[in-house]
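Asker: Structure below; questions to follow.
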Amino acid sequence: MQTHGHEPNLGRALRSQRWRERRQQLVGNHTVIDPREYAVDVIPAALAKGFVETHHYSGSFPASRLAIGLFRNGAAGGSRLVGVAVFSVPINNAAVRRHTGLPSPSAGVDLGRFCLLDEVAANGETWLLARAFRLLRREKPRVEAVISYADPMPRISATGEIIKPGHVGLILQAHGGGSPKTLAYRGRSAARVEYLTPDARPFSPRAISKIRNGECGQAYAIDQLVRWGAPAPRPADSPRAWFDALVSAGFFVRRRHPGNHVFAYALSARARRAADGLVSAPFPRLDPAVSRAEVTALPLFVAAEQASRRGSGEAAPGHRPAPERAG
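No gaps in the numbering here: position 279 of the sequence shown is 1310 in the working numbering, and each next residue is one more.
Written as C-alpha coordinates, this is what we have:
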(Lines of atoms letter the chains of each structure in order from A and count residues from 1; the text may use other names and numbers.)
(Lines give C-alpha, C1' and ligand atoms only; values in the text may rest on other atoms or scores of the structure.)
Protein backbone atom coordinates (compact mmCIF):
# COMPACT_ATOMS: atom_id res chain seq x y z
CA MET A 1 0.00 0.00 0.00
CA GLN A 2 1.30 3.44 -0.86
CA THR A 3 0.78 6.42 1.39
CA HIS A 4 0.12 9.56 -0.57
CA GLY A 5 0.51 12.00 2.24
CA HIS A 6 -2.83 13.44 3.31
CA GLU A 7 -3.04 10.80 6.01
CA PRO A 8 -1.39 12.03 9.24
CA ASN A 9 1.15 9.84 11.03
CA LEU A 10 -1.48 8.26 13.26
CA GLY A 11 -1.38 4.58 14.09
CA ARG A 12 2.31 4.10 13.35
CA ALA A 13 2.45 1.73 16.28
CA LEU A 14 0.17 -0.54 14.24
CA ARG A 15 2.35 -0.64 11.12
CA SER A 16 5.98 -0.96 10.12
CA GLN A 17 7.50 0.45 6.97
CA ARG A 18 9.03 -1.63 4.20
CA TRP A 19 10.28 -0.81 0.72
CA ARG A 20 9.76 -2.14 -2.78
CA GLU A 21 10.95 -0.37 -5.91
CA ARG A 22 11.57 2.89 -4.01
CA ARG A 23 8.03 3.07 -2.65
CA GLN A 24 7.06 2.50 0.95
CA GLN A 25 4.91 -0.47 1.86
CA LEU A 26 3.29 -0.88 5.29
CA VAL A 27 2.95 -4.15 7.21
CA GLY A 28 0.97 -4.76 10.37
CA ASN A 29 2.92 -4.94 13.61
CA HIS A 30 0.98 -8.06 14.64
CA THR A 31 3.34 -10.16 12.51
CA VAL A 32 6.45 -11.71 14.07
CA ILE A 33 9.51 -13.01 12.25
CA ASP A 34 10.06 -16.78 12.30
CA PRO A 35 13.84 -17.30 12.65
CA ARG A 36 13.58 -20.67 10.91
CA GLU A 37 12.57 -18.91 7.71
CA TYR A 38 15.47 -16.44 7.58
CA ALA A 39 19.25 -16.31 7.47
CA VAL A 40 21.66 -13.38 7.80
CA ASP A 41 25.10 -13.24 6.23
CA VAL A 42 27.77 -10.99 4.75
CA ILE A 43 27.12 -10.31 1.05
CA PRO A 44 29.16 -8.75 -1.76
CA ALA A 45 28.83 -5.00 -2.15
CA ALA A 46 27.66 -5.50 -5.75
CA LEU A 47 24.70 -7.62 -4.60
CA ALA A 48 23.77 -5.09 -1.93
CA LYS A 49 24.11 -2.23 -4.41
CA GLY A 50 21.65 -3.76 -6.86
CA PHE A 51 19.11 -4.37 -4.09
CA VAL A 52 19.46 -0.90 -2.55
CA GLU A 53 19.31 0.96 -5.87
CA THR A 54 16.18 -0.98 -6.83
CA HIS A 55 14.25 -0.75 -3.57
CA HIS A 56 15.57 1.95 -1.20
CA TYR A 57 13.89 5.35 -1.52
CA SER A 58 17.22 7.08 -2.19
CA GLY A 59 18.00 4.93 -5.22
CA SER A 60 21.70 5.35 -4.38
CA PHE A 61 24.43 3.31 -2.72
CA PRO A 62 27.05 4.65 -0.27
CA ALA A 63 30.75 3.79 -0.02
CA SER A 64 30.36 0.41 1.67
CA ARG A 65 32.69 -1.09 4.25
CA LEU A 66 30.46 -4.10 4.89
CA ALA A 67 27.10 -5.25 3.54
CA ILE A 68 24.80 -7.66 5.36
CA GLY A 69 21.96 -9.53 3.67
CA LEU A 70 18.71 -10.90 5.07
CA PHE A 71 17.67 -14.03 3.17
CA ARG A 72 14.31 -15.77 3.24
CA ASN A 73 14.44 -19.52 2.82
CA GLY A 74 12.43 -21.00 -0.03
CA ALA A 75 11.58 -24.34 -1.54
CA ALA A 76 14.23 -26.96 -2.37
CA GLY A 77 16.86 -25.24 -0.25
CA GLY A 78 16.78 -21.98 -2.19
CA SER A 79 16.68 -18.51 -0.69
CA ARG A 80 16.14 -14.93 -1.83
CA LEU A 81 17.46 -11.59 -0.63
CA VAL A 82 14.74 -9.65 1.22
CA GLY A 83 16.73 -7.09 3.21
CA VAL A 84 20.07 -5.31 3.36
CA ALA A 85 22.06 -3.39 5.96
CA VAL A 86 25.04 -1.42 4.66
CA PHE A 87 27.77 -0.14 6.95
CA SER A 88 29.48 2.66 5.09
CA VAL A 89 32.37 5.09 5.30
CA PRO A 90 31.40 7.99 7.62
CA ILE A 91 30.35 11.25 5.96
CA ASN A 92 33.64 12.80 7.11
CA ASN A 93 36.58 11.87 9.34
CA ALA A 94 35.58 14.31 12.08
CA ALA A 95 32.18 12.65 12.58
CA VAL A 96 33.61 9.58 14.32
CA ARG A 97 35.45 11.53 17.01
CA ARG A 98 32.61 14.04 17.41
CA HIS A 99 29.84 11.47 17.90
CA THR A 100 31.66 8.46 19.40
CA GLY A 101 34.75 9.87 21.11
CA LEU A 102 36.97 7.33 19.34
CA PRO A 103 40.17 8.93 17.99
CA SER A 104 40.50 6.99 14.74
CA PRO A 105 38.10 7.59 11.81
CA SER A 106 38.41 3.89 10.89
CA ALA A 107 36.94 2.89 14.29
CA GLY A 108 33.47 4.02 13.24
CA VAL A 109 31.05 3.40 10.38
CA ASP A 110 27.72 4.83 9.32
CA LEU A 111 24.60 2.70 9.02
CA GLY A 112 24.41 4.02 5.48
CA ARG A 113 21.43 2.01 4.20
CA PHE A 114 18.83 -0.20 5.87
CA CYS A 115 16.10 -1.63 3.67
CA LEU A 116 13.65 -4.52 4.05
CA LEU A 117 11.02 -5.74 1.58
CA ASP A 118 7.34 -5.81 2.47
CA GLU A 119 7.26 -9.60 2.94
CA VAL A 120 9.45 -9.34 6.08
CA ALA A 121 7.52 -9.47 9.35
CA ALA A 122 7.12 -6.41 11.55
CA ASN A 123 9.97 -7.05 14.00
CA GLY A 124 12.39 -7.77 11.14
CA GLU A 125 14.23 -4.45 11.60
CA THR A 126 15.54 -5.13 15.11
CA TRP A 127 16.05 -8.84 14.34
CA LEU A 128 18.30 -8.01 11.38
CA LEU A 129 20.01 -5.09 13.12
CA ALA A 130 21.14 -7.21 16.08
CA ARG A 131 22.66 -9.82 13.79
CA ALA A 132 24.19 -7.23 11.48
CA PHE A 133 25.99 -5.58 14.41
CA ARG A 134 27.38 -8.96 15.50
CA LEU A 135 28.63 -9.71 11.98
CA LEU A 136 30.19 -6.26 11.79
CA ARG A 137 32.20 -6.97 14.94
CA ARG A 138 33.26 -10.34 13.58
CA GLU A 139 34.27 -9.12 10.14
CA LYS A 140 35.63 -5.69 11.11
CA PRO A 141 36.94 -6.03 14.69
CA ARG A 142 38.57 -2.61 14.54
CA VAL A 143 35.16 -1.01 14.04
CA GLU A 144 33.79 -0.22 17.50
CA ALA A 145 30.92 2.19 16.89
CA VAL A 146 28.09 2.82 14.43
CA ILE A 147 26.68 6.25 13.61
CA SER A 148 23.15 6.46 12.28
CA TYR A 149 21.26 9.46 10.90
CA ALA A 150 17.47 9.78 10.94
CA ASP A 151 16.01 12.29 8.49
CA PRO A 152 12.94 13.99 10.04
CA MET A 153 11.89 15.64 6.77
CA PRO A 154 9.60 13.78 4.36
CA ARG A 155 10.49 13.61 0.69
CA ILE A 156 7.52 14.59 -1.44
CA SER A 157 7.42 14.20 -5.21
CA ALA A 158 6.24 16.82 -7.69
CA THR A 159 2.88 14.97 -7.82
CA GLY A 160 2.42 15.22 -4.04
CA GLU A 161 3.28 11.61 -3.20
CA ILE A 162 5.26 11.05 -0.01
CA ILE A 163 8.19 8.99 -1.24
CA LYS A 164 9.87 8.87 2.17
CA PRO A 165 8.14 9.92 5.40
CA GLY A 166 10.14 11.66 8.10
CA HIS A 167 12.01 9.61 10.73
CA VAL A 168 13.19 10.12 14.29
CA GLY A 169 15.22 6.92 14.64
CA LEU A 170 12.70 4.69 16.39
CA ILE A 171 14.17 1.46 15.01
CA LEU A 172 17.56 2.17 16.54
CA GLN A 173 15.89 3.33 19.75
CA ALA A 174 13.94 0.06 19.90
CA HIS A 175 17.12 -1.96 19.42
CA GLY A 176 19.51 -0.12 21.73
CA GLY A 177 17.43 2.32 23.75
CA GLY A 178 17.44 0.19 26.90
CA SER A 179 21.10 0.99 27.57
CA PRO A 180 22.26 4.64 27.59
CA LYS A 181 25.88 3.39 27.57
CA THR A 182 25.21 1.56 24.30
CA LEU A 183 23.00 3.97 22.34
CA ALA A 184 23.23 7.75 22.63
CA TYR A 185 21.44 10.57 20.87
CA ARG A 186 23.89 13.30 19.85
CA GLY A 187 21.45 15.94 18.65
CA ARG A 188 21.28 17.15 15.07
CA SER A 189 23.66 17.44 12.17
CA ALA A 190 24.12 20.89 10.64
CA ALA A 191 21.13 22.55 9.02
CA ARG A 192 21.41 22.80 5.25
CA VAL A 193 19.70 23.75 2.02
CA GLU A 194 18.46 20.79 -0.03
CA TYR A 195 17.84 20.48 -3.75
CA LEU A 196 15.21 17.80 -4.46
CA THR A 197 14.47 16.40 -7.93
CA PRO A 198 10.87 15.92 -9.15
CA ASP A 199 10.80 12.38 -7.70
CA ALA A 200 12.14 13.70 -4.36
CA ARG A 201 15.75 12.53 -4.65
CA PRO A 202 18.19 14.89 -2.90
CA PHE A 203 21.06 16.08 -5.06
CA SER A 204 24.10 16.42 -2.85
CA PRO A 205 25.90 19.74 -2.30
CA ARG A 206 29.13 17.97 -3.24
CA ALA A 207 27.69 16.98 -6.63
CA ILE A 208 26.45 20.54 -7.19
CA SER A 209 29.95 21.84 -6.47
CA LYS A 210 31.43 19.40 -9.00
CA ILE A 211 29.10 20.66 -11.72
CA ARG A 212 29.45 24.35 -10.98
CA ASN A 213 33.22 24.35 -10.44
CA GLY A 214 34.35 21.79 -13.02
CA GLU A 215 35.70 19.40 -10.39
CA CYS A 216 36.55 15.73 -10.79
CA GLY A 217 33.32 13.74 -11.07
CA GLN A 218 31.45 16.48 -12.92
CA ALA A 219 30.44 14.22 -15.84
CA TYR A 220 29.04 11.57 -13.49
CA ALA A 221 27.01 14.17 -11.57
CA ILE A 222 25.55 15.52 -14.81
CA ASP A 223 24.70 12.02 -16.03
CA GLN A 224 23.02 11.30 -12.70
CA LEU A 225 20.70 14.29 -13.09
CA VAL A 226 19.88 13.30 -16.66
CA ARG A 227 18.97 9.79 -15.47
CA TRP A 228 16.72 11.43 -12.89
CA GLY A 229 14.80 13.38 -15.50
CA ALA A 230 16.78 16.54 -16.25
CA PRO A 231 17.17 17.56 -19.93
CA ALA A 232 20.65 16.77 -21.22
CA PRO A 233 22.96 19.76 -21.65
CA ARG A 234 23.41 21.05 -25.19
CA PRO A 235 26.93 21.11 -26.67
CA ALA A 236 27.07 24.89 -26.29
CA ASP A 237 26.05 24.83 -22.58
CA SER A 238 28.64 25.21 -19.89
CA PRO A 239 27.94 22.82 -16.97
CA ARG A 240 27.47 25.75 -14.57
CA ALA A 241 25.01 27.53 -16.87
CA TRP A 242 23.15 24.27 -17.50
CA PHE A 243 22.72 23.59 -13.78
CA ASP A 244 21.68 27.17 -13.01
CA ALA A 245 19.09 26.92 -15.80
CA LEU A 246 17.65 23.80 -14.14
CA VAL A 247 17.31 25.74 -10.89
CA SER A 248 15.67 28.70 -12.66
CA ALA A 249 13.26 26.42 -14.52
CA GLY A 250 12.01 24.86 -11.29
CA PHE A 251 13.45 21.38 -11.86
CA PHE A 252 14.50 21.30 -8.21
CA VAL A 253 12.53 21.97 -5.07
CA ARG A 254 14.86 24.02 -2.86
CA ARG A 255 14.13 23.82 0.85
CA ARG A 256 15.73 24.43 4.21
CA HIS A 257 16.51 21.25 6.16
CA PRO A 258 16.81 21.47 10.00
CA GLY A 259 19.44 18.71 10.21
CA ASN A 260 19.23 14.97 10.72
CA HIS A 261 18.99 13.30 14.11
CA VAL A 262 22.32 11.68 15.00
CA PHE A 263 22.67 8.46 17.00
CA ALA A 264 25.85 6.68 18.11
CA TYR A 265 25.88 2.98 18.95
CA ALA A 266 28.84 1.63 20.95
CA LEU A 267 29.89 -1.91 20.02
CA SER A 268 32.68 -2.39 22.58
CA ALA A 269 33.62 -1.54 26.14
CA ARG A 270 36.33 0.75 24.78
CA ALA A 271 33.75 2.63 22.72
CA ARG A 272 31.50 3.02 25.75
CA ARG A 273 34.41 4.47 27.75
CA ALA A 274 35.37 6.80 24.87
CA ALA A 275 31.84 8.22 24.81
CA ASP A 276 31.72 9.02 28.54
CA GLY A 277 32.61 12.68 28.08
CA LEU A 278 30.23 13.36 25.19
CA VAL A 279 26.94 15.16 25.59
CA SER A 280 23.82 13.04 25.16
CA ALA A 281 20.26 14.28 24.84
CA PRO A 282 16.85 12.65 25.33
CA PHE A 283 15.70 10.64 22.34
CA PRO A 284 13.61 12.57 19.82
CA ARG A 285 9.94 11.75 19.65
CA LEU A 286 7.62 11.48 16.67
CA ASP A 287 4.77 13.97 16.24
CA PRO A 288 1.86 11.71 15.16
CA ALA A 289 -0.13 14.61 13.71
CA VAL A 290 2.45 15.63 11.08
CA SER A 291 3.28 13.88 7.82
CA ARG A 292 4.18 16.54 5.24
CA ALA A 293 6.71 18.56 7.24
CA GLU A 294 9.32 18.09 10.01
CA VAL A 295 7.98 15.16 12.09
CA THR A 296 9.92 15.67 15.34
CA ALA A 297 7.62 16.48 18.24
CA LEU A 298 8.25 19.90 19.77
CA PRO A 299 9.78 19.82 23.28
CA LEU A 300 6.69 21.40 24.83
CA PHE A 301 4.50 18.72 23.25
CA VAL A 302 6.75 15.97 24.63
CA ALA A 303 6.85 17.57 28.09
CA ALA A 304 3.05 17.88 28.18
CA GLU A 305 2.63 14.27 27.08
CA GLN A 306 5.05 13.02 29.73
CA ALA A 307 3.32 15.09 32.43
CA SER A 308 -0.01 13.63 31.36
CA ARG A 309 1.37 10.10 31.57
CA ARG A 310 2.83 10.73 35.03
CA GLY A 311 -0.49 12.08 36.20
CA SER A 312 -2.36 9.04 34.93
CA GLY A 313 0.21 6.58 36.22
CA GLU A 314 0.90 5.31 32.70
CA ALA A 315 4.45 4.24 31.94
CA ALA A 316 6.15 6.58 29.52
CA PRO A 317 7.51 5.11 26.32
CA GLY A 318 11.00 5.91 25.18
CA HIS A 319 13.30 3.02 25.99
CA ARG A 320 11.40 0.44 23.98
CA PRO A 321 9.29 2.33 21.43
CA ALA A 322 7.22 0.68 18.72
CA PRO A 323 9.10 -0.07 15.50
CA GLU A 324 9.38 2.74 13.00
CA ARG A 325 9.55 2.49 9.25
CA ALA A 326 12.94 1.24 8.09
CA GLY A 327 15.22 3.91 6.80
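Beta carbons: idealized from backbone N, C-alpha and C, even for Gly.
Whole angstroms are fine: how far does the CA of Gly1245 sit from the CA of Glu1150?
Answerer: 44 Å
Asker: Taking Val1365 as the reference, give the member of Pro1236, Val1073, Arg1286 and Arg1265 with the closest Cα.
Answerer: With the chain represented from 1032 up to 1358, any question about residue 1365 goes unanswered, as that position is not in the structure.
Asker: Under 7 Å Cβ to Cβ from Gly1218, same chain only, skipping five residues before and after it: list those, please.
Answerer: Val1293 and Ala1312
Asker: One question on the structure: do Arg1287 and Ala1231 come within less than 7 Å of each other, judged by their Cβ atoms?
Answerer: no
Asker: Quick check on DSSP: helix, strand or coil for Arg1049?
Answerer: strand
Asker: Apply the 10 Å Cβ neighbour rule to Leu1160 and answer buried if 16 or more other Cβ atoms are within range, or exposed otherwise.
Answerer: buried
Asker: Which residue wins for smallest C-alpha separation from Ala1297, given the options Gly1059, Gln1048, Phe1164 and Gly1090?
Answerer: Phe1164
Asker: Between the alpha carbons of Ser1279 and Phe1314, how many angstroms are there, rounded?
Answerer: 39 Å
Asker: Please report the Cβ distance between Pro1136 and Pro1121, rounded to the nearest whole angstrom; I am assuming they are in contact, meaning their Cβ atoms lie under 8 Å.
Answerer: 7 Å
Asker: At the level of alpha carbons, what is the spacing between Ala1138 and Pro1262?
Answerer: The alpha-carbon atoms of Ala1138 and Pro1262 are separated by roughly 42 Å.
Asker: Grab me the residues of Gly1105's own chain with a C-beta within less than 8 Å of its C-beta, minus the 5 sequence neighbours each way, in chain order.
Answerer: Arg1111
Asker: Return the chain-ordered list of same chain residues with a C-beta closer than 6 Å to the C-beta of Ala1252, the five sequence neighbours on each side being excluded.
Answerer: Ala1238, Lys1241 and Ile1242
Asker: Run through DSSP, which three-state label would Phe1164 get?
Answerer: Phe1164 falls in the helix class under three-state DSSP.
Asker: Name the residue from Leu1101, Glu1068, Pro1066 and Leu1201 whose alpha carbon lies nearest to the alpha carbon of Ala1079.
Answerer: Taking only the C-alpha atoms, the option nearest Ala1079 is Leu1101.
Asker: Taking 7 Å as the threshold (C-beta atoms), are Gly1197 and Val1326 in contact?
Answerer: Their beta carbons are under 7 Å apart, which means Val1326 touches Gly1197 by this criterion.
Asker: Mapping DSSP to helix, strand and coil, what is His1292?
Answerer: strand
Asker: Strictly by DSSP, which residues pair up with Ala1189?
Answerer: Ala1189 pairs with nothing; no bridge assigned.
Asker: Could you name each continuous alpha helix (DSSP H) segment of 4 residues or more that falls completely within the segment 1190-1239, going from the start of the chain to the end?
Answerer: 1201-1207
Asker: How would you call Gly1200, buried or exposed, if buried means at least 16 neighbouring beta carbons within 10 angstroms?
Answerer: With 16 or more other Cβ atoms within 10 Å, it is buried.
Asker: Is it the case that the Cβ atoms of Glu1170 and Ala1302 are separated by a distance below 7 Å?
Answerer: no
Asker: Candidates Ala1295, Ala1181, Ala1107 and Phe1234: which alpha carbon is nearest Arg1316's?
Answerer: Ala1181
Asker: Could you spell out where the alpha helix (DSSP H) holding Ile1178 opens and where it closes?
Answerer: Not the alpha helix (DSSP H): Ile1178 falls in the beta strand (DSSP E), residues Ala1176 to Ala1181.
Asker: Grouping DSSP H, G and I as helix and E and B as strand, with all else coil, what is Tyr1251?
Answerer: helix
Asker: Just to confirm, is the Cβ distance from Ala1094 to Ala1076 under 7 Å?
Answerer: no
Asker: Under a three-way DSSP split, which group does Gly1114 fall into?
Answerer: strand
Asker: Out of Arg1323, Gly1208 and Gly1155, state which residue places its alpha-carbon closest to the alpha-carbon of Glu1068.
Answerer: Gly1155
Asker: Taking the straight line between their C-alpha atoms, what separation do you get for Gly1358 and Phe1274?
Answerer: Confidence is the limiting factor: at Gly1358 the pLDDT is only 41, short of 50, which leaves the residue's position unreliable and the question unanswerable from this model.
Asker: Within the same chain, show all residues whose beta-carbon is closer than 8 Å to that of Trp1050, passing over the 5 residues directly before and after it, in chain order.
Answerer: Counting only Cβ-Cβ distances below 8 Å, and skipping sequence neighbours, we find Gln1056, His1086, His1087, Tyr1088, Cys1146, Leu1147, Leu1148, Asp1149 and Ala1357.
Asker: Exposed or buried, which one is Ser1269 when buried takes at least 16 other CB atoms within 10 Å?
Answerer: Result: exposed.
Asker: So the candidates are Ser1047, Leu1256, Leu1166 and Ala1070; which of them puts its Cα closest to the Cα of Gly1109?
Answerer: Comparing Cα-Cα distances from Gly1109 to each of Ser1047, Leu1256, Leu1166 and Ala1070, the minimum goes to Ala1070.
Asker: Of all the options Leu1329, Gln1255 and Pro1229, which has the alpha carbon lying nearest to the alpha carbon of Gly1191?
Answerer: The shortest C-alpha separation from Gly1191 is found at Pro1229.
Asker: Find the nearest neighbour of Glu1084 within the set Val1063, Arg1096, Asp1065 and Gly1114, judged by alpha-carbon distance.
Answerer: Comparing alpha-carbon positions, the option among Val1063, Arg1096, Asp1065 and Gly1114 lying closest to Glu1084 turns out to be Gly1114.
Asker: Which residues does DSSP pair with Asn1104 in a beta bridge?
Answerer: DSSP lists Ser1110 as the beta-bridge partner residues of Asn1104.
Asker: Under 8 Å by Cβ, that's how I've got Leu1309 and Ala1215 pegged, so tell me the actual separation to the nearest angstrom.
Answerer: 7 Å
Asker: Measuring only between beta-carbons, confirm whether Thr1327 sits less than 7 Å from chain B.
Answerer: Note that chain B does not occur in the displayed structure, where there is just one protein chain.
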